[in-house]
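*Asks:* I have a structure I would like to understand better, so I am pasting it below and will then ask my questions one at a time.
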Amino acid sequence: MSAFFTHLRSRLHRSWRGRRHGAQRWALWVLLVALVATLLATLVWLAGRYESSQIQSRLERDAAEIVTDIRAGLTRNIQSFQALQSGERTLEAWNFPATDLLRERRELMRLEWRNEALDVVAQVGTPYRSPVFERLGRGSVQADINLACSTARRLSGAAYSSSYFVPQSDGLGFEMLDMCMPITVEGRLVGYTVATYSLQDVLAELVGKQLARGQSVAFTEADGTRLALHGTPSRGNRVYVAQQLLDLTGNTLVLRLESRLGLPSLFPNVLTALVGALTLALVCVLYLLARDMRRRQKVEHDLGDALAFRKAMEDSVLTGLRARDLQGRITYVNQAFCRMVGLSAQKLLNESFPSSYWPPELADAYYQRQKIRLAGHNLPREGHESVFMRQDGTRFPVLIMEAPLINAAGLHTGWMSAILDVSEQRHNEELSRASQDRLQATARLAMVGEMASLLSHELNQPLAAISSYAVGSLNLLDGTATLHGAVGADLQLAIRRIADQAERAGKVIKSVHNFVRRRDQAHVAVAPQTLIDAIMPLVSLQAQKLGVTVVIDIDAGTTQVRCDRTMVEQVLLNLARNGMQAMQITAPDMLQMPDMPEVSSRVLTLRVRPGSSPLKAWVEFAVIDQGVGISAEIAGKLFTPFFTTRIEGMGLGLSLCRTVVEQHGGLLDFQAVLPRGTMFTFTLPAAEP
Ligand code: ADP
């Protein structure tokens, strides 16, 4: 039962531990997944950032190229203007190529030839639009032109005015920019060429063709105000912006290039695609790992169950199990083995020779035996007997069976021994031998019984004869009593005693007969005093002969006892006799026992005391002598039938006494008394009042 609870407890403990491990494992998995997810997110983010930085730098490059293109276009125009002025300075000679130029360069809105005082000498407008200054007039921008032209004159090159808005009649308008270029003849200023650009057309003509879909280009002021735009303006947050300065003499414009990201696709570029693929692969690997893990967990669980089963099995067997490795170190012991030798598993494990459960006197022989065994020779499969020692030093016989330990790879790794404690077996063998002896003794006893029965039968008649002769003699003496006086009275008493004893002897023989025949004894309630009185004549007779004083000590509260009177009288008589004989010490006896204390008198005490337990009341009889006492060697055999130290003794007295007392439900025992002597006690059940 307790083994079952231990098993249950260990299982519960294991399952709790298992749950804790499970939780830990889950936590690890969650952590792993979280880490992988974070890593992937970071990768995707980095990839995205890299991608956008790529786009951004491409855009910056594009913006720079656009600025270069615009600058190149403007420079080419300046060259055309110079060509225009280098010719003959007549109106006709100017008008024709100027008109051509305007037709050719759509970004130009208007071309003016002005004199040194900046008055318009000739002008042509673009053929592509209705005259742009029609509504506002040219005068409103005169100040700007003046400024640009003075800069141009100072630098003797083309200079630009700040931009201005020219509203149109259709409600729209253009952001315009004027360029002024001085005309010199042999180092002398003779006039100016003023060209008016539409900023939007500059963008459309000089940049427009290169613009990709989704891109727009605009001129803005430094504060971000848009002046002109080409392309569709982008909205939303996936818009990239690059700005470049277009530094013109007299004016600086900001070019703003905007690019909308292409249609959002799942894998915008290779990098993101790669990261995506990696993610997918990682998720797959995670899934496979999880599946593998689940399988492992199942196997682990099964293995745990199998182990627990094996452990319960090992713990429940009574056979001690011990494993040694090839060097002889103990690698495993089960609980039964630990219990057997009284040592803990911790103490035993890894222990080499000599083992702590080897009796020191046998250690050498055992060591030799182990050496032979470890060398691989001489393996008795049927087992051999040995003697082990418990921790408290007691030795006990064991039967050892050994087998080689072969591991999963088929390698011989050590020895497994099964050890049986055979002390119980030996004890039982001992007991059966003793009981056999007892049986033999009983058989002899039975024979003695038969003899006693025969004797009692034979003795009954002579005893009856003695009795009737004694009675007859008494009757005869009765008539002559007066004749003989005192002698006659003594004679009468003696003959009456003879008659009494003959009757007693008859009863003894009868009860012995009954006892031997195992007839039901007549149990009667009788006072202890009566029992003692009955044996006193015989006891006194022997006491006188041996010089012993008999003391009778009966407790006043003693009740009657229920017993077979004659048998109990016999027990008392036997014990009293033994006691008196023990006090009959001869001189050679005294010499043999020099340390025996001296006593002046020889006293035999017959003591009766009441006793009780909650279950029943009893009376305790004690026969106390001051004799030689009982040595330990004799004490062991005291109750054995036929054991005696006396030449004339039968050795049946005490064994019979014990049988009688036990048949009455009592106990016969003895103990030494100080300074010398022995006390025999026996109990008898008290008679119910
Ligand atoms: P027996 O009377 O024939 O010797 P018992 O069975 O009565 O047989 O006694 C067996 C032995 O026990 C005796 O021989 C004696 O050595 C010892 N013994 C018995 N009673 C006493 C006693 N009171 N004191 C010392 N030895 C005793």
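Residue numbers for the sequence shown follow this note's numbering, beginning at 1061 and rising by one. Built from N, CA and C at the ideal position, the CB exists for glycine as well. Since we're looking at a predicted model, the values are computed, not measured.
Got a sec? Which residues, its chain only, sit under 7 Å from Leu1215 by beta carbon, not counting five neighbours each side?
*Replies:* Excluding positions up to five away in sequence, the list reads Thr1309.
*Asks:* Could you say which of Ile1592, Val1621, Gln1270, Gly1197 lies nearest to Ala1582 if we only look at CA atoms?
*Replies:* Ranking Ile1592, Val1621, Gln1270, Gly1197 by Cα distance to Ala1582 puts Val1621 first.
*Asks:* Quick one: what's His1472 bridged to in DSSP?
*Replies:* Beta-bridge pairing links His1472 to Ile1466.
*Asks:* Taking 6 Å as the line, does the beta carbon of Asp1685 fall inside it for any heavy atom of the ligand ADP?
*Replies:* Yes, since a heavy atom of the ligand ADP falls inside the 6 Å radius drawn around the Cβ of Asp1685.
*Asks:* Within 10 angstroms of its Cβ, does Phe1156 collect 16 or more other Cβ (buried), or is it exposed?
*Replies:* Burial call: exposed.
*Asks:* Checking 7 Å against the spacing of the C-beta atoms, do Arg1189 and Val1180 come in under that value?
*Replies:* Not a contact, by the Cβ cut-off of 7 Å.
*Asks:* For His1584, is the classification buried or exposed, using 16 other Cβ atoms within 10 angstroms of its Cβ as the cut-off for buried?
*Replies:* As written in the sequence, residue 1584 is Val, which differs from the His given in the question. With fewer than 16 other Cβ atoms within 10 Å, it is exposed.
*Asks:* I'd like the list of long-range same chain contacts for Glu1120, defined as Cβ closer than 7 Å, with 5 residues on each side in sequence excluded.
*Replies:* Hits under 7 Å: Ala1302.
*Asks:* Confirm, please, whether the CB-CB distance from Ser1516 to Val1572 is below 7 Å.
*Replies:* The answer is yes: Cβ separation under 7 Å.
*Asks:* Within the same chain, show all residues whose beta-carbon is closer than 6 Å to that of Leu1744, passing over the 5 residues directly before and after it, in chain order.
*Replies:* Excluding positions up to five away in sequence, the list reads Val1621, Cys1623, Val1679, His1724, Gly1726.
*Asks:* Quick check: does the Cβ of Ala1732 come within less than 6 Å of any heavy atom belonging to the ligand ADP?
*Replies:* No, since every heavy atom of the ligand ADP falls outside the 6 Å radius drawn around the Cβ of Ala1732.
*Asks:* Taking the beta carbon of His1444 as the centre, do at least 16 other beta carbons fall within 10 Å, making it buried, or is it exposed?
*Replies:* Burial call: exposed.
*Asks:* Spell out a yes or no on whether the stretch 1471-1480 and the stretch 1370-1385 are touching, meaning 3 or more CB-CB pairs, one atom from each, closer than 8 Å.
*Replies:* The answer is yes - the stretch 1370-1385 touches the stretch 1471-1480, with three or more Cβ pairs under 8 Å.
*Asks:* Who are the Cβ neighbours of Asn1467 in its own chain at under 8 Å, not counting the five residues just before and after it?
*Replies:* Closer than 8 Å at the Cβ level, and outside the excluded window around Asn1467, lie Thr1473.
*Asks:* Quick one: any contact between the stretch 1191-1211 and the stretch 1273-1293, if contact means 3 or more CB pairs under 8 Å?
*Replies:* No contact exists between the stretch 1191-1211 and the stretch 1273-1293.
*Asks:* Which term fits Arg1109, buried or exposed, when burial requires 16 or more other beta carbons within 10 angstroms of its beta carbon?
*Replies:* Flag for Arg1109 reads exposed.
*Asks:* Could you check what DSSP says for Gly1217 in three-state terms: helix, strand or coil?
*Replies:* Here Gly1217 sits in coil by DSSP.
*Asks:* If you draw a straight line from the alpha carbon of His1487 to that of Ala1368, how long is it in whole angstroms?
*Replies:* Taking the straight line from one Cα to the other gives about 35 Å.
*Asks:* At a cut-off of 6 Å, is Gly1713 close to the ligand ADP when judged by its beta-carbon and the heavy atoms of the ligand?
*Replies:* Yes - the ligand ADP has a heavy atom lying nearer than 6 Å to the Cβ of Gly1713.
*Asks:* Using the Cα positions of Thr1332 and Ala1469, report the straight-line distance between them to the nearest angstrom.
*Replies:* So the alpha carbons of these two residues sit roughly 50 Å apart.
*Asks:* Starting from the C-beta of Gln1430, find all residues in its chain whose C-beta is less than 8 Å away, skip the five residues before and the five after it, and write them out in chain order.
*Replies:* If we look at Gln1430 and ignore the five residues flanking it on each side, its Cβ neighbours are Gly1388, Phe1413.
*Asks:* Let me know the secondary structure DSSP gives Thr1309 once reduced to three states.
*Replies:* In this structure, Thr1309 counts as coil in the three-state DSSP scheme.
*Asks:* Return yes when at least one heavy atom of the ligand ADP lies under 6 Å from the C-beta of Arg1667, else no.
*Replies:* Outside the cutoff, so no.
*Asks:* Do Ile1569 and Ala1530 count as a contact pair if the criterion is CB distance below 7 Å?
*Replies:* For Ala1530 and Ile1569, no; Cβs fall outside 7 Å.
*Asks:* Ile1390 and Leu1403: beta carbons closer than 7 Å?
*Replies:* No, Cβ-Cβ distance for Ile1390 and Leu1403 is not below 7 Å.
*Asks:* Measuring only from the beta carbon, is Ala1642 closer than 6 Å to any heavy atom that is part of the ligand ADP?
*Replies:* True, at least one ligand heavy atom lies under 6 Å from that Cβ.
*Asks:* Does the ligand ADP have a heavy atom nearer than 6 Å to the CB of Thr1719?
*Replies:* Result no, Cβ not under 6 Å from the ligand ADP.
*Asks:* Quick one: grab the DSSP three-state call for Leu1271.
*Replies:* In this structure, Leu1271 counts as coil in the three-state DSSP scheme.
*Asks:* What do you reckon, is the C-beta of Thr1738 under 6 Å from a heavy atom of the ligand ADP?
*Replies:* Checking every heavy atom of the ligand ADP against the Cβ of Thr1738, one is found closer than 6 Å.
*Asks:* For the stretch 1601-1612 and the stretch 1661-1670, state whether three or more C-beta atom pairs, one from each stretch, are separated by less than 8 Å.
*Replies:* They touch, by the three-pair rule.
*Asks:* Does the count of Cβ pairs from the stretch 1083-1097 and the stretch 1338-1358 closer than 8 Å reach three?
*Replies:* Cβ pair count under 8 Å is three or more, so yes.
*Asks:* May I have the straight-line CA-CA distance separating Gln1589 from Met1627, to the nearest angstrom?
*Replies:* Those two C-alpha atoms are separated by around 15 Å.
*Asks:* Looking at Met1627 and the ligand ADP, is the gap between the Cβ and the nearest heavy atom below 6 Å?
*Replies:* No; taking the cut-off as 6 Å, the Cβ of Met1627 has no heavy atom of the ligand ADP nearer than that.
*Asks:* Please list, in chain order, all residues of the same chain as Glu1194 whose beta carbon is under 8 Å from its beta carbon, the five residues on each side excluded.
*Replies:* Only Ser1229 meet the Cβ criterion.
*Asks:* Could you check what DSSP says for Gln1303 in three-state terms: helix, strand or coil?
*Replies:* Note: Gln1303 maps to strand in three-state DSSP.
*Asks:* Report, in whole angstroms, the separation of the C-beta atoms of Met1239 and Val1254, which I expect to be a contact under 8 Å.
*Replies:* About 7 Å; that satisfies the 8 Å criterion.
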